[in-house]
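Comments concern the structure below.
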Amino acid sequence: MIFAIIFFAGGLFLLSYKSTSKIILGVTPTEACYRPVVNHQAKTVEISDNGRTEISVKDDHNLLISNDALVKELTKLKLELYDVNDISKTLSIEKANSSKDSGYGF
Amino acid sequence: MTILICAFIQSTSIAVEQVDVYMEKAQNFLLLNKYKEAIFELNKAYSLSDDQKRKAKIENAIGWAYFSLGNISESRRYLSSAFDSASKIGDKEIAQRASNNLGVLEFNSGNLVEAKKYFEGKFSKSSKTSDSYLKLINRKLTHERVNEIIANGVFYRSNKDFDKALEEYEKALLIEPNNINALEYKGYALFRLGDYNSAIDVLKYSHELNPSRINIVINLIKSYCAINDIENARKLAKDEAKLINSLNLLQDGEFCKSCGKSFFDNL
């Protein structure tokens, strides 16, 4: 009877036990202002200057890596590039239209 | 017979007059930047025109209107056709104009090699437009070469080989001494190699050239901190507060190591 209870309790423990794994995570870019933000179970993980961090995770843990800063910067640059190209094209058209060897020709 | 000849001459002159009307209408629309309307009138003028020279001229105008409108493929089609027609009939003026326009189109589309071909072609060569664009193209091609060298440096940097990265940045700076990317990265490489005073010199110069580069400011503050020049570090942080405000620099381990966690206290 006692053994049965012990086995039963052991089985329950094994069922509820979730092993912990240590993982080493590397992220890029490593520059502080564009470095991804890593959240482990709603807690922000500290990342070294080399973009490395060590996390202990269990089954069903949430690990979120967000690149918001980088995406924001890329979007800004993309829009800036579009503006610069547009200005460059406008200048090209004006220059060509005022020149004798390019543009409409009338 | 005489009546027929007269009728033919009259109809031809009416057509020529009509072409002029359409052309004038198109010009007025172009002055108002109404490209679609202008293209519509130019197409009408083209269909009535039977003079090859005039047709080539109209095609060039349609192509250029399409370029102004932002329709690159139609623009390329019409300008190429104008160029071919003008070359065939030996009209140097229209061929030069169409060739220069094609060069400008390719330049603005980022096809530098193709643009160069037009500007160096026998019709465009030595024209004012081609001369100024060829200078720009050579500058851009040099810039591309420099960017490749800098990219090599960035590759070495990501492998933490700052000595080799520095070599690449210096190679780039030999070609373009004021290249802001090369200067910024060189400053950081010097910082990582522990040559703080040189890093400060390079980063200070970079900051003068472009005060809006956030990484230059951060690395310059770190370098000042590294030589214990806290006064200059804090002064710079204060001056550039607007720029670095959005960043939580205290999460930057390298920054904390150099300047300490209390750096921003009472700033």
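Line by line, the protein sequences are chains A and B. Per the working numbering, residue 265 is the first one in the first sequence, and the count goes up by one each step. Per the working numbering, residue 48 is the first one in the second sequence, and the count goes up by one each step. Where a beta carbon is used, it is the ideal one built from N, C-alpha and C, also for glycine. Here the structure is a predicted model, which means the values were calculated and not measured.
For alanine 360 (chain A), the closest Cβ of chain B is nearer than 9 Å.
Contact note: glutamate 301 (chain B) reaches chain A through Ala296 and Asp313, using a C-beta cutoff of 8 Å and chain order.
Selection B:Ala85, B:Lys172 and B:Gly157 evaluated against lysine 187 (chain B) yields B:Gly157 as nearest (Cα-Cα). Fully contained in the stretch 131-172 of chain B are the following alpha helix (DSSP H) runs of length 4 or more, in chain order: 139-155 and 159-166. The beta-carbon separation of leucine 183 (chain B) and isoleucine 227 (chain B), rounded to 19 Å, does not stay under the 8 Å limit for a contact.
As computed with DSSP, glycine 290 (chain A) is found in a beta bridge with A:Arg316. Proximity of serine 285 (chain A) to chain B, defined by a Cβ-Cβ separation below 9 Å, is not satisfied.
Taking C-beta atoms as the reference points, tyrosine 235 (chain B) and arginine 204 (chain B) count as a pair closer than 9 Å. Between phenylalanine 310 (chain B) and alanine 273 (chain B), the C-beta gap is not smaller than 9 Å, which leaves the two residues out of contact. For isoleucine 329 (chain A), the enclosing beta strand (DSSP E) begins and ends at 327-330. The stretch 107-115 of chain B and the stretch 143-157 of chain B touch, with three or more beta-carbon pairs separated by less than 8 Å.
Think of a sphere of 7 Å around the beta carbon of asparagine 107 (chain B): the chain A residues whose beta carbon falls inside it are Gly369, in chain order. With respect to chain A, the C-beta atom of isoleucine 141 (chain B) has a partner C-beta closer than 9 Å. Per DSSP, the beta-bridge partners of lysine 322 (chain A) are A:Thr284. In the structure shown, lysine 175 (chain B) falls within a helical segment according to DSSP collapsed to helix, strand and coil. The Cβ atoms of asparagine 349 (chain A) and asparagine 80 (chain B) do not sit closer than 9 Å to each other. Close CB contacts of leucine 77 (chain B) within its chain, under the 7 Å cut and outside five residues either way in sequence, are with Ala85 and Ala112 (chain order).
Beta-bridge partners assigned by DSSP to histidine 304 (chain A): A:Lys307 and A:Leu327. Within a 10 Å sphere around the beta-carbon of lysine 139 (chain B) sit fewer than 16 other beta-carbons, which makes this residue exposed.
Between glutamine 74 (chain B) and chain A, the shortest Cβ-Cβ separation is below 9 Å. Taking every protein chain shown into account, the CB of tyrosine 346 (chain A) has fewer than 16 other CB atoms within 10 angstroms, so this residue is exposed.
A direct Cα-to-Cα measurement between leucine 149 (chain B) and serine 115 (chain B) gives close to 13 Å. The stretch 323-335 of chain A makes contact with the stretch 294-309 of chain A: 3 or more CB pairs, one atom from each, lie closer than 8 Å. One alpha carbon belongs to glycine 315 (chain A), the other to serine 280 (chain A), and they sit about 34 Å apart.
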